[in-house]
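Quick notes on the structure that follows.
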Amino acid sequence: MTSPVATIAAQAMREASRRRTLPALVLFGCAVIISSAFLSFFQLGVEIKFFKDVAITVIFLFGTIATLVIVSTQLSGEIESRTIYNVLSKPIRRWELVVGKFVGTAAAIALAIAPMVGILAFFIYTDHGGSELEAVKAAYLLWLAFAVLSAIALGIASVATSTVTAALTVLLFVVSYLKGAVTAYLDLLSAHPAAGYVGQALYYLLPNFENFNIRTALVHDEIVPWAYLGRTTLYAAALIALFLYLGAQLFEEREF
Amino acid sequence: MLVVCVAGAQVLVDQYRPIVSDEAGVPFSVAAVVVRSFLGQIRGLAADFLWLRVDEYQHRRRIIGGDLLRQDDEALMPLVRLITWLNPRFVDAYALGGQWLAFHFNRPHEAVAFYEEGIRNNPQDFDLHNGAAWVYWRWLHEYPRAIALAHQAAGLAPDDLHRFQALWLEAHVRMTVGDRTGAIQAWRAVGRIPGYEQGAATWIARIQAQAAGGTR
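Read top to bottom, the protein sequences are chains S and C.
Per the numbering used here, residue 1 is the first one in the first sequence, and the count goes up by one each step.
Per the numbering used here, residue 1001 is the first one in the second sequence, and the count goes up by one each step.
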């Protein structure tokens, strides 16, 4: 007998794959990566670095868009269309619904970026442009970033509409990148120790998506230690647990 | 409890950041931090596209009225600076910027400052060490620093030709300061490179003859 989480996850995956936007994003991303492999603006030796940069950036951009498209309508879309009542009438706990949606979304995103990662690894192999394993590591860390983004979006979606979910998720995503600038300004403008504490709090409490960025190591053919992957996985797991817990608690309290 | 776990996990990750990140340990200015923050994960790609423009300025230098158009040279430097902000591992930008500051703008102090910044961010790069050594030798006449950088460059050379170039430079700087012993050692190192034995022997003989003749 399959668990409710697995059933919900499988349903979420099927829903995601039925969307027209997801296959279109995947096809377009693959086309951009393949076309960049044949650009010859740079001299020999530099082309492969440029290609790896382009490929990782495309995977990041399209993966982010795919995550937002899938998640923003998963929970809040079902609430708005009232189909959530059908699900909640079954013997399933609300936290199982949230976790199941997350697992399904994460799996759908993994399937979406897999073709792009495959193309990247293929061209690295044929051009002898470094290690394919490092490319897979970089893609795995990006997938972790998308999983964290999904958890954040699901946490917000448990109380907000799909439009608000998408907007707030993007805002939090952007703020997490801008906190470096904010911290630097706080250090510059204020000699008061409180400014430093605020900066430190921002650094440790807001999600740090730079942890999942090993583009430099991939482009410069460096080996990323497995220990880094393990620790970043722990970090992602902690963030996912935090936002899913918050989302599940808010969803439990919500009345329909 | 979960928030503590998140903070604790971030501490664990930070221990490995210098290995995998192009920002850990680099003292960026506030302006650089702002630019990097706004571009986020696409900053590497932005640096690559800026390099296309820099490459165009570098190779398509226009001649107006019988002289090189200075505006093209001057337009190149802010782009180079921006590239190094976006990607401190972009060695070509540091090398080009240092060369342009020394050769085209006659600003050797700024050139070595730029080179030294590039060396701090890319301590294993041959071109930056060798380029900086040239400027210290020919423009600033700071020979100890030139010798040290050329010696380091020889150890970082990716192939025999580059190793020869660095050792050649080290030998000539040592000769400039009258260190014949050091120069001979450098040429002996050249002699150990396959195909360079004859040239090295010629130079060693010349130095020894100068020493015997009492000339510099």
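All C-beta atoms in this analysis are idealised placements derived from N, C-alpha and C, irrespective of residue type, glycine included.
Check whether the Cβ of residue i lies closer than 8 Å to any Cβ atom in chain C.
i                : result
Pro225 (chain S) : yes
Thr232 (chain S) : yes
His128 (chain S) : no
Asp221 (chain S) : no
Tyr228 (chain S) : yes
Arg18 (chain S)  : no
Thr67 (chain S)  : no
Tyr204 (chain S) : yes
Tyr197 (chain S) : no
Asn86 (chain S)  : no
Arg215 (chain S) : yes
Assuming residue i contacts residue j under a Cβ cut-off of 8 Å, what Cβ separation, rounded to an integer in Å, is found between them?
i                 : j                 : result
Ala16 (chain S)   : Leu75 (chain S)   : Incorrect: roughly 13 Å between the Cβ atoms, too far for contact.
Glu252 (chain S)  : Arg94 (chain S)   : 5 Å
Gly100 (chain S)  : Ile8 (chain S)    : 3 Å
Ala1171 (chain C) : Ala1186 (chain C) : 4 Å
Ile1119 (chain C) : Ala1132 (chain C) : 7 Å
Phe146 (chain S)  : Tyr177 (chain S)  : Actually they are not in contact, since the Cβ atoms of Phe146 (chain S) and Tyr177 (chain S) sit about 15 Å apart, beyond 8 Å.
Val58 (chain S)   : Met116 (chain S)  : 7 Å
Leu1002 (chain C) : Ala236 (chain S)  : Contact flag wrong, Cβ pair sits at about 13 Å.
I need the DSSP call for residue i, collapsed to helix, strand or coil.
i                 : result
Val1172 (chain C) : Contrary to the premise, residue 1172 (chain C) reads as His rather than Val in this sequence. Correct three-state label for His1172 (chain C): helix.
Ile223 (chain S)  : coil
Lys101 (chain S)  : helix
Phe38 (chain S)   : coil
Glu252 (chain S)  : helix
Tyr1016 (chain C) : coil
Gln1124 (chain C) : coil
Gly1118 (chain C) : helix
Ile56 (chain S)   : helix
Arg1107 (chain C) : coil
Pro23 (chain S)   : helix
Ser131 (chain S)  : coil
Ser76 (chain S)   : helix
Met1001 (chain C) : coil
Phe1090 (chain C) : coil
His1141 (chain C) : coil
Asn1130 (chain C) : helix
Pro4 (chain S)    : helix
Lys90 (chain S)   : coil
Phe122 (chain S)  : helix
Phe1038 (chain C) : helix
Does any CB atom of chain S fall closer than 8 Å to the CB of residue i?
i                 : result
Gly1044 (chain C) : yes
Ala1007 (chain C) : yes
Gln1124 (chain C) : no
Tyr1016 (chain C) : yes
Leu1002 (chain C) : yes
Gly1040 (chain C) : yes
Val1013 (chain C) : yes
Asp1048 (chain C) : yes
Gln1058 (chain C) : no
Arg1089 (chain C) : yes
Arg1216 (chain C) : With a pLDDT of 49 at Arg1216 (chain C), under the threshold of 50, the predicted position of this residue should be treated as unreliable, though the coordinate-derived value follows. No, its Cβ sits nowhere closer than 8 Å to a Cβ of chain S.
Gln1099 (chain C) : no
Tyr1165 (chain C) : The question names Tyr, yet the displayed sequence has Gln at residue 1165 (chain C). False, the Cβ-Cβ gap to chain S never drops below 8 Å.
Gln1208 (chain C) : no
According to the neighbour-count rule (16 or more other Cβ atoms, all chains shown, within 10 Å of its Cβ), is residue i buried or exposed?
i                 : result
Gln1015 (chain C) : exposed
Leu218 (chain S)  : buried
His1109 (chain C) : exposed
Asp53 (chain S)   : buried
Trp1134 (chain C) : buried
Pro207 (chain S)  : buried
Asp1048 (chain C) : buried
Trp226 (chain S)  : exposed
Gly1213 (chain C) : exposed
Lys28 (chain S)   : Looking at the sequence shown, residue 28 (chain S) is not Lys but Phe. When all chains shown are included, Phe28 (chain S) counts as exposed.
Leu133 (chain S)  : exposed
Gly1044 (chain C) : buried
Met1077 (chain C) : buried
Met1175 (chain C) : buried
Pro23 (chain S)   : exposed
Asp127 (chain S)  : exposed
Ala135 (chain S)  : buried
Phe243 (chain S)  : buried
Lys90 (chain S)   : exposed
Arg1216 (chain C) : Low per-residue confidence applies at Arg1216 (chain C): pLDDT is 49, beneath 50, and the placement is therefore not dependable, though the value from the model is reported in the following sentence. Exposed, by the Cβ-count rule.
Residues of chain A with CB under 7 Å from residue i, in chain order?
i                : result
Leu239 (chain S) : Among the protein chains in the structure shown, which are S and C, there is no chain A.
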